[in-house]
Every structure is written in structure tokens, then in C-alpha cells.
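Chemist:
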Amino acid sequence: MKESIFLGKIIEIAEEAGEVLLKFQKNVRELKKNRKDFLTDADFKSDKLVGARLKSVASQIPIFSEENGEHSINKGKIWVVDPLDGTVNFFHQDSLWGVSIALVENRKTKLGVVCLPALNQTIGVYENEIIVKGNVSLGVRKDSRLAEAQIWTDWGKESEVVLSLLPKLKKISLYPQIRLCATASLMAVANGKICAYIHPHPAPEDFAAAALIVEKVGGKVTDLNNDPWDVFSSSIIASNGILHEQILEGIGSI
């Protein structure tokens, strides 16, 4: 299958899930795990749809999703899916949420598709192909002054790490924010809205697709030790590249 055709099919799957989620959002039901870790019925609805569609395109490739982590992602080809990233935002009727689909081979992302339905943004990359749909203007910012840079971050499983990171970001940059959606935050780097995004403890589905997109449009992505990233990276920073080392130096060890 040609690159553009294959990528186009995965984009169609992400957009179909996004359309379903948009219609579902106003009447979403919470299925709470605990006070800060909960799902909605929409998560499962999107997960089921994406899983079925991916199997129809490439039945031989197993699927690892946030709601169904049955398969190992250490070796071989596997789909890494977040059927609804930003569930808290989605539940509270915010627009910062999306669908993420990545094709990973031996821990490295080969294809990445992100759909942010409420923002009318869809981006897909595969090999040398980039497809953009909707209200998207790809390209990282050219800012070189760290003190004026917007840097976003996110809560992880260890809240103390983020609490120690925020004062450092406040000191070196302009009003750091927590936006509760790794996929959309990484796309904000790729779209030139912000200069950088940091996640101290991400899960593979948080960044498998979006980190590749940031790289493809001229950004830089590493872990917080400035080492190359893969889907098992225990931390991640995505930036415009110009400020990458300055940010790492500014936050030091966390």
C-alpha cells in the first residue's frame, strides 16, 4: 500500500472517532476509578471503534491502547492508541482533547496521527508524507528568548515531580501552564503556539504519535536527560529546538 493511501486510511479512522466523540461530549457519563483517575463511556466507545477499524486495515498488527494494554510493545510492529486523550477536559466540556494513533516498530514510531476534533485539527505523518487537515499551521516557533517562552507541562503519576518542576519553569519562562492533554500540548509545539512541552512521567500513548509529528515539522524531542526518545522514554521534552538545551539547563535535575 502506498504511503499516502495508508496514512490517509489511518487519518480517516482518527477523524471518524473524533466525530463520534464530538457528538458524544455533551452527554458524556463518568465512569470513575478514583477521584483523580477516571474514564468516561466515551473512552470505551472510541477505543472500540478505533480498534475495529485498525484491524480492518492491518489485521496482523496487534493493538496497545490506554484502555486495553494487552500486548507488549517491546518488539515488532504494534499500534499504540489513545482513543481519548484529555478525558478530564472532555468531561468538563473543554476543547483540549483528541485521538492519537501511532504505528510503532521496535520501540520507534513510524507513523503518527493526531486528531483534535474540537479544534478542527488533524495531522498525520508517515515516512516522507505529511497530511494536514483543518485549522492547522504547522511549524515550530522561532523564539530564542527563554524568558518570553511559553512552556506547558502535565501532571503524571508522581505529582511531586510536577510540583518541583513548576517553580523552575516559572523562574526561566513565561507563566507555565498545565493543560491536561499531552497530545494537544505537543501539537501546540508543532503548530508554533508554544515553545516547549515537558512531561516528567508519560505513558507510551501520551506521546507516541505527537512526538514524531513535532520532529517532522522541525522541532526537537528528547527525554529530560537529552537522550533520544522512544515509546518507553520515562520522560519527554518537545521544543522548537532553539531553546531545547536552555530549558534543560534551566530546570536541571527533577
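For what it's worth, numbering that gives the first Met the number 0 labels the leading residue of the sequence shown as 0, then goes sequentially. All residues carry an ideal CB built from backbone N, CA and C; glycine is no exception.
1. Under 8 Å by Cβ, that's how I've got N105 and K74 pegged, so tell me the actual separation to the nearest angstrom.
2. With a threshold of 9 Å between beta-carbons, can E159 be considered close to chain B, or not?
3. Using 8 Å for Cβ pairs, my map puts I4 next to V49. What's the rounded Cβ distance?
4. Taking the DSSP output, what are the residues bridged to T152?
5. DSSP on P203, reduced to helix/strand/coil?
6. With distances taken from CA atoms, which of Q92, S99, D153 and G138 is nearest N190?
7. Taking Cβ to Cβ, would you say S172 is nearer than 9 Å to D153?
8. On a CA-only basis, which of L53, R144, S58 and S136 is nearest S99? Give me that one, please.
9. Helix or strand or just coil, what does DSSP make of I60?
10. I'd like the span of the alpha helix (DSSP H) that includes L95, first residue to last.
11. Counting C-beta neighbours from all protein chains within 10 Å, is the total for P227 16 or more, i.e. buried, or is it exposed?
12. If I follow the unbroken beta strand (DSSP E) through V161, where does it start and stop?
13. Quick check on this structure: which residue in E29, I60, G17 and S58 has the alpha carbon closest to the alpha carbon of D46?
14. Report yes if the C-beta distance between V160 and P203 is below 9 Å; otherwise report no.
15. Quick one: using the 10 Å Cβ neighbour count with 16 as the cut-off for buried, is D40 buried or exposed?
16. For my contact list, A208 and V87 are in at a C-beta cut-off of 8 Å; report their separation, rounded to the angstrom.
17. So for I241, helix, strand or coil by DSSP?
18. Give the secondary structure of K192 by DSSP, where H, G and I count as helix, E and B as strand, and everything else as coil.
19. Per DSSP, what kind of secondary structure is D42 in: helix, strand or coil?
20. DSSP three-state call for K141: helix, strand or coil?
21. Using the DSSP secondary-structure output, state which residues sit across from V131 in a beta bridge.
22. Where does R28 land, buried or exposed, given buried means 16+ other C-beta within 10 angstroms?
23. Suppose you measure from the CA of Q149 to the CA of P175; what does that come to, to the nearest Å?
Modeler: If we stick to the structure as given:
1. 6 Å
2. The chain labelled as chain B is not found in the depicted structure, where only one protein chain is given.
3. In fact, because the Cβ distance is near 19 Å, the residues do not count as touching under 8 Å.
4. I177 and I197
5. helix
6. G138
7. no
8. L53
9. coil
10. Neither: L95 is in no alpha helix (DSSP H) and is coded neither H nor E.
11. exposed
12. Note, V161: premise wrong, no beta strand (DSSP E); alpha helix (DSSP H) at S158 to I171.
13. G17
14. no
15. exposed
16. Not a contact, Cβ separation roughly 20 Å.
17. coil
18. coil
19. helix
20. coil
21. I122
22. exposed
23. 6 Å
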